[in-house]
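J.: Residue 2 is where the sequence shown starts when you use the working numbering, and the numbers rise one by one after that. Yeah, the Cβ is synthetic: ideal placement off N, Cα and C, and Gly gets one too. Treat the numbers as computed from the prediction; the structure is a model and nothing was measured.
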Amino acid sequence: MACLTAAFSGLSLASSRQACKPSTTGSVLCARRSSFMTSQRLSVSRSTQGVQQCQGMSTVVAGYKLKTRKAAAKRYKVTGSGKVMTRKPGKQHINEKKSPKRLNRLGKMKQAAHSDLNNIIGCLPHHGVKK
């Protein structure tokens with residue numbers, strides 16, 4: 002807290018007021034200006050003494066949170082060893098003509114392709130996926 006007080010004590014405020022000059026066009030311009038434009042203008046000058054005292058402090062800048070994409074979490078399961086498992090396609094509909102052996106095989110999980118791992122790791126940042 003003392004460091005912040007020292008940093009702000011080095012700031013000085015100097016005010017300057019702009020006055021409207023009486024002329025034919027000047028009075029029209031001043032009438033159109035907002036009160037903000039004609040109010041005091043502040044200029045800030047900083048002394049280096051207060052800044053040098055605070056250089057010992059370390060600042061941690063927080064990054065973005067890595068969030069899990071829920072759609073990917075429902076499609077992929079990560080094993081304990083870090084492999085990514087996914088379902089085999091072809092078992093959602095038109096199963097009448099498929100043999101029970103084929104349907105049983107389609108119901109099992111398979112390992113995700115190596116080419117998809119970078120996208121999966123980006124979607125599941127905290128799941129422990131290993132390449």
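Looking at T87 and K71, is the spacing between their C-beta atoms short of 9 angstroms?
T.: Indexing the sequence shown from 1 puts residue 71 at position 70. Indexing the sequence shown from 1 puts residue 87 at position 86. Not a contact, by the Cβ cut-off of 9 angstroms.
J.: Please classify Y77 as buried or exposed, where buried requires at least 16 neighbouring CB atoms within 10 angstroms.
T.: Here residue 77 refers to the residue found at position 76 when the sequence shown is read from its first residue. Y77 comes out buried.
J.: State buried or exposed for I121, treating a residue as buried only when at least 16 other CB atoms are found within 10 Å of its CB.
T.: To locate residue 121, count along the sequence shown from 1; it is residue 120. Under this definition I121 is a buried residue.
J.: For the alpha helix (DSSP H) containing R76, name the first residue and the last one.
T.: Here residue 76 refers to the residue found at position 75 of the sequence shown. R76 -> alpha helix (DSSP H) spans 71 to 76.
J.: Does DSSP put K111 in a helix, in a strand, or in coil?
T.: Taking the sequence shown and counting its residues from 1, the one referred to as residue 111 is at position 110. Strand, per DSSP.
J.: Pop quiz: L104 and K92 are said to be a contact at Cβ under 8 angstroms. What is the actual Cβ separation, rounded to whole angstroms?
T.: Position 103 of the sequence shown, counted from the start, is the residue given in the question as residue 104. Position 91 of the sequence shown, counted from the start, is the residue given in the question as residue 92. Contact flag correct, Cβ pair sits at about 6 angstroms.
J.: If you compare alpha carbons, which of T60, A74, S59, A63 is closest to P126?
T.: By 1-based counting over the sequence shown, the position of residue 126 is 125. Considering only alpha carbons, the answer is A74.
J.: Between which residues of its own chain and G83 is the CB-CB distance below 8 angstroms, once the five residues before and five after are set aside?
T.: Position 82 of the sequence shown, counted from the first residue, corresponds to residue 83. Only G129, V130, K131 meet the Cβ criterion.
J.: Output yes or no for whether 9 angstroms exceeds the beta carbon distance between C1 and T69.
T.: Residue 1 lies beyond the range of the chain shown here (2 to 132); nothing can be said about it.
J.: Kindly identify the DSSP beta-bridge partner or partners of V86.
T.: By one-based count along the sequence shown, residue 86 stands at place 85. The amino acid occupying residue 86 in the given sequence is Met; Val does not appear at that position. In DSSP, M86 forms a bridge with K78, Q112.
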